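First to last, the sequence lines map onto chains A and B.
According to the numbering used here, the residues represented by the first sequence are 1 to 424, in order.
According to the numbering used here, the residues represented by the second sequence are 1 to 296, in order.
We treat Cβ as the ideally placed atom computed from N, Cα and C, and that holds for glycine.
It should be emphasised that the depicted structure is a prediction, and the values quoted were computed from it without experimental measurement.
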Amino acid sequence: MNVKLWTIISLLFMSLFVFNSCSEKDDNFSIWIGGSPEEVDFWEKVINDFNAKYDCNLILVRQPTYTDQRKQSLIISLEGKQQNPDLFLMDVVWINQFIQSDWLEPLDDFAVKSKFKTEPFFKRVLNLVDKYDDNLFALPVFMDVALLYYRTDLIVQPPETWEQLKELSLRIQEEQRKTNKSFDGFVWQGAQYEGLVCSFLEFIASNGGSILQNDSVKINSKENIAALQFMQDLIHKYKVSPENTYTEMKEEEVRREFQKGNALFERNWTYAWQLHNSNDSNVKGKVGMTILPHFKGHNSVSTLGGWHIGMSKYSDNKEKAWQFIKYVTSYEVQKQMVLTIGWNPGRKDVYEDKELKKKLSQLNLLEYVFDNTIARPTVPYYTQISEVIQRNVNNCLANKIPPVEALKEIEIEMKNIIKIYGEK
Amino acid sequence: MERSKTNISDETKTAYLFNAPLIIVAVVFVLVPVIGTIVTSLMRDVTFLPEKFLAVENYQRLFSDRHFYESLQFTLLFVVVSVSFELVFGLAFALLLNETLPFRGFLRVVILIPWVIPIAISARVWELIYNFNYGIFNYIILQLGISDQPVSWLGSSVGAFIAVVISDVWKTTPFMAIILLTGLSAINSDLYKQAKVDGTNFLQRFFMITLPLLKPVLIVALLFRSIDAIRIFDLIYVLTGGGPGGSTSSLSIYAFNYYVSGDFGYGSAVSVIVFLAAGLLSVLYIKFGKFRETLQ
C-alpha cells in the first residue's frame, strides 16, 4: 500500500517537471481566447493554419465562456508580470484600463517595420478605443453593434423614433394578446449587468445625452432624464416591455423571447440574426433588421461592442506575436471568420467583398452602423462607473426610484470615483 | 537524569517533525496570504495608478461607504437567518437518523447528496427553479391557479434574500446533520434507559440529556457554519450575481468586484474586514460556548 502510494506521488512530481520543461521551450508562445465552443474551435483552426504557414508554435489556451472570468484571469497574469499570455483578445471596454495599467505593447514600431497599413480598418473605431496618445495598442478582430429586430409579418415599416416604436408596440401587442397571452411589444436588456449600460447609453445618446466628456460628468442632464423616464415607462406605464426586463433580461433571454414569437421588437447584438433565421426558430423568415430608433430631433446610435487583439508587454516572443496579429486581421482570415462563425469583421474593406455581399444582405446596414457607433466611457476606471450605472438604472427600472433621483445618485457616485481614481 | 532529559528533547523533536508538514502548509497557505492581504490593504494598489502607501485611507473610505454597510448588513443577516434554519433542520434530521429506522444506512447517505453537489452547480439548479419563464415554482403556482401572473422570485430584494437562504439551507443542512449525528451517537444510551425508568418524557430527555451532552459538538458545528456563511461567495455569485440592485451583495462579492475592476488595495481592505469578522465570531463562540470547560 505504502509503496504504491509513494510511487504515485513520485510519478506526479516527475510529471510536473516533464510538463514544465515543455512550456520553457523558447519558441512557444500563447494566446488566450474564451467564448462559446464553436468560437474557440474556429480560433483553433486559424491558429493551426498559422503555425503550419509560418512554422510557428503558437498555443491556444482556452479561457472560460464568461467575459468577466476571462478578464479576471488576464488581470491576474498581467498584474503578476507573467510571460504568458503573449496575446489575448480584449473586450472593447477593457482596452483603456489595460493601456493605462501599462500591460499592452504599442504596435506602431511593428507596423512601421512591416509596412502594415491601418487604412482598411474603421477609422472611427480605432480612434475611439484602440489608440491612446497617438499610439496604437490594439486592433479590432471582431466588432459588434446593437440593432432593432422586428417582425415583418406584423408590421410593414419599422419605426424611426422611439415614440413610433411605442405606438406600434401598444397596437400590435393588444391585437396579439387575444391569441398569445405572453406577447410583448418590445424586449430589451434591462437586468443589472454590463448589457444594461449599453442599452442605457443608446437611449440617452439617441436623445443627445452623454455620460462623460473629457473626465467631466454629464450624466444629470434633462436629455438623460427624459430618456431614462421613457425606459421606465416602457415597462411600468405603457407596459409594452415585460416585468422581468429589469430582473432577468440579458441577451439570451431577450433572444429566446423574440425567437419564440413572443415579441414585436427586440434590441440585440448582430449574433441574433442567424439564430432567428435558423430552422428551429418560430420567426424564421419573418424577421427584419434595422438601426435602433432615436428620439425626435436626434440621431440613432448604437453601442460599440466586440473583441480586439493586443500583445502583452511581458511577452518574450513579440516579433512572432506581431506576425499573428497581422495574420488574424488579414483580409483572408477576417473573411473566413464571417463565413464560418458569422462574426462581423474588424476591417472595413471586407464589407465591400463581392462574394460576401451576395451571401449576406445585412453588410451594408452594418457598415453604416459602425460608422455611427458610440463607445462606452474610455477611462481606466470604467468598471467602477459601469457598476454605478448598472445599479442605479436598474433600481429606476424596478420603479424603486424616479429617473431624476437615479441620475443624481449616479452623478454623486461618479464624481466620487473620479476623485479616487482620476488623479495620476 | 541525563538520559531522560535527552529523551524528552528527542520526543519534542519528533513532535515538531510530525507537525512540520501541517505548520508549513498553514504558514504558506494561511499566514503568508493573510499578512499579504493586510499589507496590500494599506496601499493604493490600483493597476492603472502608481503604487502608493496610504496607511488607513482605504479603511476610511470603507467606513464612509454606504454600500459597504449594506453589504455588511446583508452578510450578518444572512449568517443569522441561514445558520438558525440549518441548526433547526440539521438537529431534526440528526435526531431522526439516530433512531433505529428501516434503511437507516441508506438514508444517512441520501441526506448527504445536497452537500456533495458542488455549490456552483446547485446554485445553477436553484436559479432554474426560480426562473421567471420556465422555473418550476412559477409552473406550479400557475398550474394550481395560486396566481395568474408568474412571480419574479429573484427580482425583489426580499425575494432574492429568501431565495439565497433557501438554497444555502438546502445545501448545508446535511453538513449540520452529520456533525450533530456523530455527537448524538457518542451519547451513552444507558443514560436514556435510566431516564426512561425514572419516568421522563421525550422532551425532558431531550433538554436534560441530549442538549447538554451535545453542546460541544453543537458549538463546533455552529462555529464552522457561521465562519463559512460569513464569507459566502460562490452561491450568490452564481444565483443572483449580487443583484437585484446590489441587495444580495455579500462582503466577499463586494471585495471581489473591486479585485476584478483592478483595485486590489480597497478589495483587500474589505477582505481584512471579512477576516476580522470571522475571527471575532470564533472568539465569541469559544468564549460564550464555554468551550474549554465543556471539552474538559
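Short CB-CB distance (under 8 Å) between residue i and chain A
| i | result |
| --- | --- |
| Leu-49 of chain B | yes |
| Gly-243 of chain B | yes |
| Leu-128 of chain B | no |
| Gly-145 of chain B | no |
Amino acids of chain B, ordered along the chain, whose beta-carbon sits closer than 9 Å to that of residue i
| i | result |
| --- | --- |
| Pro-380 of chain A | Val-46, Thr-47, Phe-48, Leu-49 and Gly-262 |
Chain B within 8 Å of residue i, Cβ atoms only
| i | result |
| --- | --- |
| Val-18 of chain A | For Val-18 of chain A, the pLDDT reaches just 45, beneath the cut-off of 50, and the residue's location in the model is therefore unreliable, although a value from the coordinates is still provided. Val-18 of chain A does not count as touching chain B. |
| Ser-216 of chain A | no |
| Tyr-368 of chain A | no |
| Ala-398 of chain A | yes |
| Gln-97 of chain A | yes |
| Thr-270 of chain A | no |
| Thr-179 of chain A | no |
| Gln-229 of chain A | no |
| Glu-79 of chain A | yes |
| Gly-421 of chain A | Looking at the sequence provided, one finds Tyr at residue 421 of chain A rather than Gly. True, the Cβ-Cβ gap to chain B drops below 8 Å. |
| Ile-219 of chain A | no |
| Asn-84 of chain A | no |
| Asn-282 of chain A | no |
| Thr-290 of chain A | no |
| Asn-364 of chain A | no |
| Ile-235 of chain A | no |
| Asn-395 of chain A | yes |
| Ile-75 of chain A | yes |
| Thr-383 of chain A | yes |
For residue i, three-class secondary structure by DSSP
| i | result |
| --- | --- |
| Lys-296 of chain A | coil |
| Asn-28 of chain A | strand |
| Ala-146 of chain A | strand |
| Arg-347 of chain A | strand |
| Ser-302 of chain A | strand |
| Lys-52 of chain B | strand |
| Pro-140 of chain A | strand |
| Thr-182 of chain B | helix |
| Phe-233 of chain B | coil |
| Phe-110 of chain A | helix |
| Ser-9 of chain B | helix |
| Phe-121 of chain A | strand |
| Val-46 of chain B | strand |
| Lys-284 of chain A | coil |
| Arg-376 of chain A | coil |
| Asn-399 of chain A | coil |
Residue i: contacting residues in chain A (beta-carbon distance under 7 Å)
| i | result |
| --- | --- |
| Asn-257 of chain B | Glu-387 |
| Gly-265 of chain B | In chain order: nothing, as chain A lies at least about 10 Å away. |
| Phe-288 of chain B | Per Cβ cutoff of 7 Å: no residues; Phe-288 of chain B is ~38 Å from chain A at best. |
| Gly-246 of chain B | Arg-391 |
Where residue i meets chain A, residues with beta-carbon distance less than 9 Å
| i | result |
| --- | --- |
| Phe-132 of chain B | Pro-242, Glu-243, Asn-244, Thr-247, Glu-248 and Glu-253 |
Interface partners of residue i on chain B, CB under 8 Å
| i | result |
| --- | --- |
| Ser-101 of chain A | Thr-47, Phe-48 and Gly-262 |
| Ile-412 of chain A | None at all; the shortest Cβ gap to chain B is about 11 Å. |
Beta carbon proximity, residue i to chain E, threshold 8 Å
| i | result |
| --- | --- |
| Gln-336 of chain A | This model lacks chain E altogether; the protein chains it does include are A and B. |
(request) With 7 Å as the limit, tell me which residues of the segment 53 to 71 of chain A have their beta carbon closer than that to any beta carbon of chain B; keep them in chain order. (result) Asp-68 and Lys-71
(request) Pull out every residue of the segment 151 to 179 of chain B whose Cβ sits closer than 7 Å to any Cβ of chain A, in chain order. (result) Ser-152, Leu-154 and Gly-155
(request) Could you tell me which uninterrupted beta strand (DSSP E) segments, each at least 3 residues in length, are contained entirely in the segment 210 to 272 of chain A, listed from first to last along the chain? (result) 263 to 269
(message) Which residues of the segment 239 to 259 of chain A have a Cβ closer than 9 Å to any Cβ of chain B? Give them in chain order.
(response) Pro-242, Glu-243, Asn-244, Tyr-246, Thr-247, Glu-248, Glu-253, Arg-256 and Glu-257
(request) Would you mind listing the alpha helix (DSSP H) stretches within the segment 154 to 196 of chain A that are 4+ residues and don't spill past its ends, in chain order? (result) 162 to 177
(message) Residues of the segment 28 to 39 of chain A in Cβ contact with chain B at a cutoff of 7 Å, in chain order, please.
(response) none
(request) Return the chain-ordered ranges of every alpha helix (DSSP H) run that is complete within the segment 31 to 108 of chain A and spans a minimum of 4 residues. (result) 37 to 54, 67 to 79 and 95 to 100
(request) Select from the segment 318 to 348 of chain A all residues with a C-beta closer than 8 Å to any C-beta belonging to chain B, and list them in chain order. (result) none
(message) Tell me which residues of the segment 187 to 218 of chain A have at least one Cβ-Cβ distance to chain B shorter than 9 Å, keeping chain order.
(response) Ala-191, Gln-192 and Tyr-193
(message) Could you tell me which whole alpha helix (DSSP H) segments of length 4 or greater appear in the segment 68 to 126 of chain B?
(response) 104 to 110 and 113 to 116
(message) Please give me, in chain order, every unbroken run of the alpha helix (DSSP H) with length at least 4 that falls completely inside the segment 136 to 194 of chain B.
(response) 136 to 143 and 157 to 185
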